[in-house]
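If you read the protein sequences in the order shown, they are chains A and B. So the first sequence is numbered by the numbering used here: it starts at 243 and just counts up by one. So the second sequence is numbered by the numbering used here: it starts at 3 and just counts up by one. Glycine included, each C-beta is placed from N, C-alpha and C at the ideal position.
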Amino acid sequence: MSTTLDRPATPRFVDSASLIAGREITMRLRSKTFLISTGVLMLAVLASVVLGSLFGGQNEATKVAVVAGASSVVDGNAALDPVPVDDQAAGEQLLRDGEVDAIVVPSTSDPLGITVIGLDQTPSGVASALAVYPSVELLEPAAVDPMLAYFVAFGFGIVFFMSALTFGSTIAQSVVEEKQTRVVEILLSTVSARALLTGKVVGNSVLAFGQILAIAVIALLGLMLTGQKVLLGGLGTSVVWFIVFFAIGFVMLAALFAATAAMVSRAEDIGSVTTPVTMLVMLPYFLVIFFNDNPTVLAIMSYVPFSAPVGMPMRVFLGTAEWWEPIVSLAILLATTIAAVLIGERIYRNSLLKTGARVKLGDALRG
Amino acid sequence: MLELHDVTKRYGERLALDHVSFAVGDGRLTGFVGGNGAGKTTTMRIILGVLASDGGTVLLDGAPVGAADRRRFGYMPEERGLYPKMKVLEQTVYLARLHGWAPAAARANALELLERLGLGERTDDTIESLSLGNQQRAQIAAALVHRPEMLVLDEPFSGLDPMAVETVQAVLADVAATGVPVLFSSHQLDIVERLCDDLVIIAGGRIAASGTGEALRTQHGTERWELLVAGDAGWLRQQPGISVVEFDGGWAVFEAESDAAREAALTEAVSRGGLVSFSRERTSLAQIFKEVVQ
């Protein structure tokens with residue numbers, strides 16, 4: 243065996259990290275649990291979009307019977323679908339049959355010149371559609387429908403929460419698996435701890451990102467197929483910011499998940515040791531759901547690195563963020579991410595070979 | 003050649019390695035022997051760089067070993083482990099690629115080695131589906147697949163059946179024959195004795211003895227002779243300058259004060275008739291180990 247001639251050069255950091263990332267992705271895609279849970283998530287997104295259109299889309303005009311002479315009042319009212327009848331009796335027949343929700347008849351005694359007849363209760367929908375209001379002007383009009391704001395907040399919140407938690411715990415499991423099966427000692431004698439950590443974070447970030455992208459595509463397709471294009475216009479910019487913030491924020495969380503997981507040696511201990519990081523992921527989710535109508539809380543959230551991926555896109559959507567605010571917040575997030583990666587790498591490197599009892603945080607930091 | 007000079011390691015108050023120095027020559031199979039907690043694993047981890055020493059140097063061919071050199075080392079840790087859900091071939095190829103081999107060459111290396119280790123039929127099975135012995139073979143493949151320039155194996159024979167021990171012995175001898183220094187630790191002193199060119203004995207974090215097997219025998223073993231005769235060998239006790247160590251009918255093991263006393267005993271045995279055999283008893287590694295460590 244003349245082995246010295248064909249022996250390869252020492253691999254570069256990038257090569258090692260991408261090999262590790264590649265393995266991480268391949269193994270995950272091979273896992274049935276992962277594929278099934280991703281499929282379920284996709285279906286849930288699609289279902290919520292389609293169901294949303296079914297229930298939200300019932301803005302069909304209310305049918306009313308119109309007796310000749312009142313038609314001028316009803317015609318041109320988008321909320322009402324007039325059914326012309328010859329007289330009030332014919333209208334009453336339709337009303338009793340449930341064909342129409344109300345009858346509009348001309349009335350000389352009424353100031354508006356019409357009377358609305360209902361069956362057993364006041365047809366308030368029809369009445370208000372025909373009501374006359376004085377002209378109203380708002381000094382500070384709300385830019386966004388609060389219901390829509392709630393749904394967008396919920397959307398950002400749950401996508402961030404689910405993806406960060408899913409792939410964060412995937413990283414944690416992958417770190418502990420290597421420790422528990424002791425393969426980590428072979429790996430460390432081959433590549434640096436930094437390459438190992440980088441490969442893991444990159445691999446899982448690619449997966450998380452891929453999943454977010456797939457969710458976005460499915461949601462968009464669903465919206466387009468059900469004809470809800472209207473929504474997209476206002477969402478576009480904030481979705482782009484969300485993706486940018488998520489990409490960086492996830493790297494930060496991934497480094498923290500890997501570092502904390504490296505401190506334990508058994509899969510059973512992952513839950514307890516990663517709890518602080520899990521809290522950091524859950525908090526912005528609950529905050530944005532409960533406080534999406536509170537500008538102060540949102541403003542704070544949009545600058546705190548852990549909640550910025552949800553908070554800042556939300557403010558961009560609501561139109562309450564100045565153009566420079568996402569950039570400043572992104573810079574803060576980036577700086578925090580770099581710090582988290584450096585500290586995380588230190589903990590990771592110092593804890594990997596310490597099997598048995600849980601490594602104390604102080605020891606892990608000192609080395 | 004791999005050399006350790008005054009390597010020292012502390013775990014808190016405890017001195018785990020105390021100025022450990024020894025060498026592993028090119029193409030030499032070097033056995034690393036010591037009791038539990040003597041410092042074998044710590045020494046090996048320091049050689050591989052997975053643990054930092056508190057002092058001393060590790061040299062490869064006279065130059066300090068760096069991270070790049072260590073990528074060309076092969077290592078089998080005491081704590082066994084591979085990815086349970088990866089397939090045997092896939093895993094071996096992956097490790098070769100981490101060492102920088104191109105995919106095709108990595109695959110060729112892996113296939114050849116797995117065949118050699120008797121895992122040719124199991125390449126598509128996951129590690130977790132293998133028997134413990136076969137997992138051990140896969141572990142050895144993982145240490146060798148990148149054709150290392152230096153091989154360090156922590157207890158490579160533990161958990162192997164006699165057939166596997168023979169296979170692994172042959173593979174290690176082949177690797178050493180290509181000029182690679184091989185260092186391995188073992189509790190099975192008989193295997194070490196049979197396989198090793200050189201020995202390093204460690205006790206309590208210090209090197210108690212090191213050198214070729216022959217040199218250690220001369221240095222630490224007392225020469226003994228074994229006699230087997232057809233009749234009773236009781237007369238041996240009366241021979242001048244002879245002290246009998248073990249005795250059973252016609253069989254005896256004795257030590258001789260001088261060459262003359264030994265020769266006289268042999269002449270006596272021949273003249274009495276019924277001599278079956280007369281030979282020098284090789285000092286076993288176990289005896290040397292006991293003597294050195296005490």
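Asked, Found
"Just the Cα atoms here: how many angstroms apart are residue 119/B and residue 215/B?", "28 Å"
"Cβ closer than 7 Å: which chain B residues qualify as neighbours of residue 251/A?", "102"
"Does the Cβ of residue 608/A have 16 or more other Cβ atoms within 10 Å, making it buried, or fewer, making it exposed?", "exposed"
"What does the alpha-carbon distance come out to for the pair residue 462/A and residue 506/A?", "41 Å"
"Pick out the complete alpha helix (DSSP H) segments inside the region 451 to 522 of chain A, 4 residues or longer, and give them in chain order.", "471 to 503 and 512 to 515"
"Using the beta-carbon count (16 or more within 10 Å), is residue 399/A buried or exposed?", "buried"
"On the DSSP bridge list, what partners appear for residue 253/B?", "230/B and 250/B"
"Using the three-state DSSP reduction, which class does residue 337/A fall into: helix, strand or coil?", "helix"
"Give me the residue from 497/A, 459/A and 381/A with the minimum Cα distance to residue 291/A.", "459/A"
"Counting only Cβ pairs nearer than 9 Å, list the residues of chain B close to residue 269/A.", "85, 87 and 88"
"Less than 8 Å separating the beta-carbons of residue 453/A and residue 280/A?", "yes"
"Is the Cβ of residue 587/A closer than 8 Å to any Cβ of chain B?", "no"
"Between residue 427/A and chain B, is the shortest Cβ-Cβ distance under 8 Å, so that the two count as touching?", "yes"
"CB-CB under 6 Å to residue 555/A, same chain, minus the five flanking residues each way: which ones, in chain order?", "398, 480, 483 and 484"
"Quick check on residue 255/A: buried or exposed, where buried means 16 or more other Cβ atoms within 10 Å of its Cβ?", "exposed"
"Less than 8 Å separating the beta-carbons of residue 46/B and residue 154/B?", "yes"
"My guess is that residue 77/B and residue 121/B are in contact by the Cβ rule of under 8 Å, so how many angstroms apart are they, rounded?", "At roughly 19 Å, the Cβ-Cβ gap does not stay under 8 Å, so residue 77/B and residue 121/B are not in contact."
"Distance check for residue 528/A and residue 547/A, CA to CA, integer angstroms please.", "16 Å"
"Determine the direct distance from the alpha carbon of residue 99/B to that of residue 297/B, and round the result to whole angstroms.", "Since the first residue of chain B shown is 3 and the last is 296, residue 297/B is not available in this structure."
"Quick check: does the Cβ of residue 288/A come within less than 7 Å of any heavy atom belonging to the ligand ZN?", "No copy of the ligand ZN appears in this structure; indeed no ligand is present at all."
"What does DSSP give as the partner residue(s) for residue 57/B in the beta ladder?", "10/B"
"For residue 307/A, which beta-bridge partners are listed by DSSP?", "325/A and 345/A"
"Report the partner residues of residue 77/B according to the DSSP bridge assignment.", "154/B"
"If the cut-off is 7 Å on Cβ atoms, which residues from the region 407 to 432 of chain A count as contacting chain B, listed in chain order?", "423, 424, 425, 427, 428, 430, 431 and 432"
"Which residue or residues does DSSP assign as beta-bridge partners of residue 5/B?", "25/B and 61/B"
"What does residue 449/A touch in chain B if you count any residue whose Cβ is under 7 Å from its own?", "Result: empty, since nearest Cβ-Cβ is about 17 Å, beyond 7 Å."
"With 8 Å as the threshold, decide whether the Cβ of residue 79/B is near any Cβ in chain A.", "yes"
"In the DSSP output, what is residue 20/B paired with across the bridge?", "Beta-bridge pairing links residue 20/B to no other residue."
"Give a yes or no on whether the minimum CB-CB distance between residue 96/B and chain A is below 8 Å.", "yes"
"Which runs of the alpha helix (DSSP H) spanning at least 4 residues fall entirely within the region 163 to 209 of chain B, listed in chain order?", "164 to 179 and 191 to 197"
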